[in-house]
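Heads up: the sequence lines are chains A and B, in that order.
Numbered by the UniProt record's numbering, the letters in the first sequence go through residues 1 to 550 in order.
Numbered by the UniProt record's numbering, the letters in the second sequence go through residues 1 to 550 in order.
The beta-carbon is built from N, C-alpha and C at its ideal position, and this holds for glycine as well.
2 protein chains.
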Amino acid sequence: MPITEDTPRRWTERRDEKFRRLLAAKSWLKGKCLPAERIVDALEVLITSGDKVVLEGNNQKQASFLSESLAKVSSNRINRLHMLISSISRPEHLDLFEKGIASKLDFSYAGPQSLRIAQLIEDGVIELGAIHTYLELYGRLFVDLTPNVVLVAADKADMEGNLYTGPNTEETPTIIEAAAFSGGIVIVQVNELVDKLPRVDIPASWVDVVVQAEKPYQLEALFTRDPRQITEVQILMAMMAIRGVYEKHQVQSLNHGIGFNTSAIELLLPTYGERLGLKGKICKHWTLNPHPTLIPAIESGWVERVHCFGGEVGMEKYVAARPDIFFTGPDGSLRSNRMICQVAGLYGVDMFIGSTLQMDRDANSSTVTAGRLAGFGGAPNMGSDPRGRRHATPAWLDLITQQSPTVRGRKLVVQMVETFQKGGQPAFVDSLDAIEVGKQGNLPIAPVMIYGDDVTHVITEEGIAYLYKTQNMEERRMALGAIAGMTPLGREHDRSLNDRLRQDGLIALPEDLQIRRSDAKRSLLAAKSIEDLIDWSGGLYDPPEKFRTW
Amino acid sequence: MPITEDTPRRWTERRDEKFRRLLAAKSWLKGKCLPAERIVDALEVLITSGDKVVLEGNNQKQASFLSESLAKVSSNRINRLHMLISSISRPEHLDLFEKGIASKLDFSYAGPQSLRIAQLIEDGVIELGAIHTYLELYGRLFVDLTPNVVLVAADKADMEGNLYTGPNTEETPTIIEAAAFSGGIVIVQVNELVDKLPRVDIPASWVDVVVQAEKPYQLEALFTRDPRQITEVQILMAMMAIRGVYEKHQVQSLNHGIGFNTSAIELLLPTYGERLGLKGKICKHWTLNPHPTLIPAIESGWVERVHCFGGEVGMEKYVAARPDIFFTGPDGSLRSNRMICQVAGLYGVDMFIGSTLQMDRDANSSTVTAGRLAGFGGAPNMGSDPRGRRHATPAWLDLITQQSPTVRGRKLVVQMVETFQKGGQPAFVDSLDAIEVGKQGNLPIAPVMIYGDDVTHVITEEGIAYLYKTQNMEERRMALGAIAGMTPLGREHDRSLNDRLRQDGLIALPEDLQIRRSDAKRSLLAAKSIEDLIDWSGGLYDPPEKFRTW
Chain A
1 MPITEDTPRR WTERRDEKFR RLLAAKSWLK GKCLPAERIV DALEVLITSG DKVVLEGNNQ
61 KQASFLSESL AKVSSNRINR LHMLISSISR PEHLDLFEKG IASKLDFSYA GPQSLRIAQL
121 IEDGVIELGA IHTYLELYGR LFVDLTPNVV LVAADKADME GNLYTGPNTE ETPTIIEAAA
181 FSGGIVIVQV NELVDKLPRV DIPASWVDVV VQAEKPYQLE ALFTRDPRQI TEVQILMAMM
241 AIRGVYEKHQ VQSLNHGIGF NTSAIELLLP TYGERLGLKG KICKHWTLNP HPTLIPAIES
301 GWVERVHCFG GEVGMEKYVA ARPDIFFTGP DGSLRSNRMI CQVAGLYGVD MFIGSTLQMD
361 RDANSSTVTA GRLAGFGGAP NMGSDPRGRR HATPAWLDLI TQQSPTVRGR KLVVQMVETF
421 QKGGQPAFVD SLDAIEVGKQ GNLPIAPVMI YGDDVTHVIT EEGIAYLYKT QNMEERRMAL
481 GAIAGMTPLG REHDRSLNDR LRQDGLIALP EDLQIRRSDA KRSLLAAKSI EDLIDWSGGL
541 YDPPEKFRTW
Chain B
1 MPITEDTPRR WTERRDEKFR RLLAAKSWLK GKCLPAERIV DALEVLITSG DKVVLEGNNQ
61 KQASFLSESL AKVSSNRINR LHMLISSISR PEHLDLFEKG IASKLDFSYA GPQSLRIAQL
121 IEDGVIELGA IHTYLELYGR LFVDLTPNVV LVAADKADME GNLYTGPNTE ETPTIIEAAA
181 FSGGIVIVQV NELVDKLPRV DIPASWVDVV VQAEKPYQLE ALFTRDPRQI TEVQILMAMM
241 AIRGVYEKHQ VQSLNHGIGF NTSAIELLLP TYGERLGLKG KICKHWTLNP HPTLIPAIES
301 GWVERVHCFG GEVGMEKYVA ARPDIFFTGP DGSLRSNRMI CQVAGLYGVD MFIGSTLQMD
361 RDANSSTVTA GRLAGFGGAP NMGSDPRGRR HATPAWLDLI TQQSPTVRGR KLVVQMVETF
421 QKGGQPAFVD SLDAIEVGKQ GNLPIAPVMI YGDDVTHVIT EEGIAYLYKT QNMEERRMAL
481 GAIAGMTPLG REHDRSLNDR LRQDGLIALP EDLQIRRSDA KRSLLAAKSI EDLIDWSGGL
541 YDPPEKFRTW
């Protein structure tokens, strides 16, 4: 028989608490609409000390009006908040902690704030939960980090509270779902209140409060790379990647990280790639943001389809004019979705290729460097072998090195790294800075971005190490040493072994790939400037002011 | 400069084609509503030969009216369809292939149709793409398997085409998103057309055609386990799991597979678990369907929160009355979401525990057995270590066995298996049937469900093998042999090694866990029947007819 207790348990506490709080804000609300000047008052009754609060800080889109407003609440009334923020990008994200409004933080990425965040953790001002990959943090919103309140940004709302999130939908639906269906409170800042939305991205019944912000949400063009800045070393590495990885393994679906290395690859497809006869054979399906440097490859017919994590400022009109390539809505504009794109990038693609700042001799890498807690973003998710994958593609099967009836393929995880970073620091190090940062921050494990045992290929300006072919740790270190140039790791390496490593296919030098270093010229780039990208787009690409040099 | 081609490329082919097809069906449509008697005519103009078509076959919910209708189209008009079906559950799913309407299949799970599907592949009637885990198939819908048409099921629609998917939301939003934002056509069968929806789950602008089906969609109670059928062997194994895994590693968040083994665990928490003083320490956060056998644990205060892949027939009223535990909408009913729950189950939980039918000596396992291509469902996703995970929990850290500055934790993947299956077949085999099935079906790799190197623990009625602690393949096989009982694998095992294996913690026998086999009695179950579950629920649980034995 059921155990009976003296006081019967209530099962609707979250819902009752939500009603109580909304009632306290009711006098300021017209329907779901709140006047902007009441936002601080409203936050002070809609949020309670100790709450788990998601503040939408995407890679690009920031709920900037709500974050500024939250930083203005009284820390006497509201404190000990546990903040869940994908991307720590704005000063007030950390002001919350200095002002005593928040005390605990779980996050994924911290760009410009990476130095300050490390300091605040060391000083004990921030209690760090963990540094996640995006998909991991989203998952936890439905497990052990269910939010009490979410503060998000949308382009437009109608008077009922339906939302249009448009090209920058990103993670808004996921965050809202975590609160809307768990008795949490959903507060949305919008750029505009309108009578009729271009399309409905979020139904009104998922939304509690809408506030028209004083100015549009912050939006950064994070994925725009000016081709002018691509160096000939990067072009050489891009040529090696195309021949020694893409062509060799027949990579058909892929994600490119942010960075000039992969931009160079995008801009070589219509030139170098075309000459190699690879069009239609590689690089057909992409999971990535609408990179402007992908325009020439799209216009040349290389690309069948792109699914996007988020949007990119300036690419709106171009994307809208290419619905066969990009996912777009009935209104014609981009539909991005970070959760879905991360799932697609984990399970649906042959390859992840990205850059790193530091790599140790076991190929562990991290963008966390001395004193900077930059976080990881999507890299750990996409830069790992999804062991639940069961479908085969040519590239995935091509990485099989053993014979066994229960053998399986493997995702390509490729790291591009110049042997020396700007400032002359060697990229190959004895010990990742991340280990020391982890110790200082009292983290339970070191903040490694991608683990060496997940990395299948490393490309430097010296050559390619085919790590997936190595049989043991010693061979692995040898292959890495062979392409580590004049770094300490490279100088330790016994170069007399290189011929055997080349014969065994554990490394490839440019000459093994029929690449002459002297051919790696900027003239190979399909677009050499932002202006060229605009030309390629037929005038549809409209870069932000800061990329206009003319 | 841009490459110019003779004929300028069109970039709106999918959208134009969609308009063309919808125009051909226009005369039958009133707004978005189609009369049921016109469905076959409409499908014949809305679908074209060679299309990629998603047919919603969830674990539980089936778009049964649409699948029956599709099987009635003329194969002269429509053929060579590439079907994308999560769960092959209904005869007409395969009739499509026998009738020549469809030719290629990508799927995740095939329950009752597993025998026939294997035969059709062997006969060359079905060209098999791959057998996926759910999340993998969803990911591919946005990469290389973008659908032209999706056929889905919802509870209700309003006249504009807004949808209510209610407790069985499952994968409907994900499937619809893949088509609605890629110029695909979204066709929805609903049980009811109403003036006002209880809540909006899918906005009307994502939907093209709504048809009120002749009868409600098929819905199966797949996750209901009658406690009457739980055996004392299962209870013994459940006790071992609780002591030797849950308590030992402090498992706080978890997924339970479908099966009597894990139902037994659920029913022991309020009795055996309570006596061990574990309440509030383990099993707080769950990703699983609303299992009726979880009711006693919920009522006893063990469970903080459950996120669900799908619903469960009969649990609607109970779930609606427990919104602090379950994710529910503003209408009060369950919000399930298979994509989100699979992400949460991959990245957000400490442990996956499930059962299998066959296991080889390396701990590879599969539910694919001779002549049956059952597929995998969510098991490969949840039964694998997400190598992109970066947050630490006590259980995850507890599985670290090495010392290194770049060490990381590990997800618990626990397999429960009785040494002999029904019919006296040993569960431990020399070679998985899946290998032979793979060869017969010409699959590029054998359809292994969970790979041995991902399995951390195996529990039989003999004991627990702590595979994560083994240093090499030999030790791994030894630990498995020690708990393999009288199977050939167990008889080969040298029992004189067992004391050392126990001392090293590589295996635990019941006595090592202070469990007396004689204590494993049905009297330990918190509920011994469906009636008891109804009592625990205060009459809120309303089991389907077939589970009512009174």
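query                                                                                                                       : result
Closer than 8 Å to chain A by CB, G301 of chain B                                                                           : yes
Proximity test, Cβ basis, 8 Å: I435 of chain B and chain A                                                                  : yes
Three-state secondary structure (DSSP) of I235 of chain A                                                                   : helix
Neighbour-count burial assignment, R20 of chain B, 16 or more Cβ in a 10 Å radius                                           : exposed
Identified DSSP bridge partners for L34 of chain B                                                                          : B:V211
Other residues of its chain near I121 of chain A: CB distance less than 6 Å, five sequence neighbours each side excluded    : L128 and G441
Own chain, CB closer than 8 Å to K528 of chain B, minus 5 neighbours either side, in chain order                            : P227, R228 and R522
Of the residues A:L480, A:G332, A:T328 and A:V306, the one placed nearest C341 of chain A, counting alpha carbons only      : A:V306
Residues near V73 of chain A by beta carbon distance below 8 Å, same chain, minus five either side                          : V40, L43, E44, I47 and I101
F181 of chain B at chain A interface by Cβ criterion, 8 Å                                                                   : yes
Cβ-Cβ distance between V188 of chain B and V209 of chain B below 8 Å                                                        : yes
Backbone CA spacing between P510 of chain A and R517 of chain A [nearest angstrom]                                          : 7 Å
Cα-Cα separation between M351 of chain B and T133 of chain B, rounded to whole angstroms                                    : 17 Å
Continuous beta strand (DSSP E) stretch holding M359 of chain A: start and end                                              : Q358 to D360
Proximal residues to L135 of chain A (C-beta, below 6 Å), its chain only, five neighbours per side dropped                  : Q342 and N381
Test: V414 of chain A CB closer than 8 Å to a CB of chain B                                                                 : no
Among B:S103, B:L23, B:T7 and B:L94, nearest to residue 604 of chain B - alpha-carbon criterion                             : Outside the modelled stretch of chain B, which goes from 1 to 550, sits residue 604 of chain B, for which no answer is possible.
Beta-ladder partner(s) of L128 of chain A, from DSSP                                                                        : A:L105
Cross-chain neighbours of residue 555 of chain A in chain B, by beta carbon under 8 Å                                       : For chain A, the structure presents residues 1 to 550; residue 555 of chain A sits outside this window and is missing.
Interface partners of L359 of chain A on chain B, CB under 9 Å                                                              : The residue you asked about is not Leu; residue 359 of chain A is Met in the sequence shown. Under the 9 Å cutoff, chain B gives no residues; its nearest Cβ is about 12 Å from M359 of chain A.
Any 3 or more C-beta pairs closer than 8 Å across the segment 434-448 of chain A and the segment 406-416 of chain B         : yes
Cα-Cα separation between I167 of chain A and T12 of chain B, rounded to whole angstroms                                     : Note that residue 167 of chain A is Pro in the sequence shown here, rather than Ile. The straight-line gap from Cα to Cα measures roughly 18 Å.
Cβ-Cβ separation, E312 of chain B to T293 of chain B (assumed contact under 8 Å), whole Å                                   : About 11 Å separates the two Cβ atoms, so there is no contact after all.
Contact between the segment 202-217 of chain B and the segment 74-88 of chain B (3+ Cβ pairs under 8 Å)                     : no
Buried/exposed call for E192 of chain B, threshold 16 Cβ in 10 Å                                                            : exposed
Runs of beta strand (DSSP E) lying entirely within the segment 337-389 of chain A, each at least 3 residues, in chain order : 351-355 and 358-360
Segment limits, beta strand (DSSP E) that includes K546 of chain A                                                          : No beta strand (DSSP E) holds K546 of chain A; DSSP gives it neither H nor E.
Sufficient close CB pairs (3 or more, under 8 Å) joining the segment 138-152 of chain A to the segment 269-287 of chain B   : yes
Interface partners of A395 of chain B on chain A, CB under 8 Å                                                              : Result: empty, since nearest Cβ-Cβ is about 12 Å, beyond 8 Å.
Check whether A520 of chain A and A110 of chain A have beta carbons under 8 Å apart                                         : no
Same chain, Cβ closer than 6 Å to K439 of chain A, neighbours up to 5 away in sequence not counted                          : none
For L55 of chain A, the residue or residues it bridges with in DSSP                                                         : A:L151
Proximal residues to M1 of chain B (C-beta, below 8 Å), its chain only, five neighbours per side dropped                    : With a pLDDT of 45 at M1 of chain B, under the threshold of 50, the modelled position of this residue cannot be trusted; read the value that follows with caution. Nothing listed; no residue qualifies.
Host alpha helix (DSSP H) of M478 of chain B (start-end)                                                                    : M473 to A482
CB of A241 of chain B within 8 Å of CB of I117 of chain B, strictly                                                         : no
Spatial distance of L269 of chain A from T456 of chain A (CA atoms)                                                         : 22 Å
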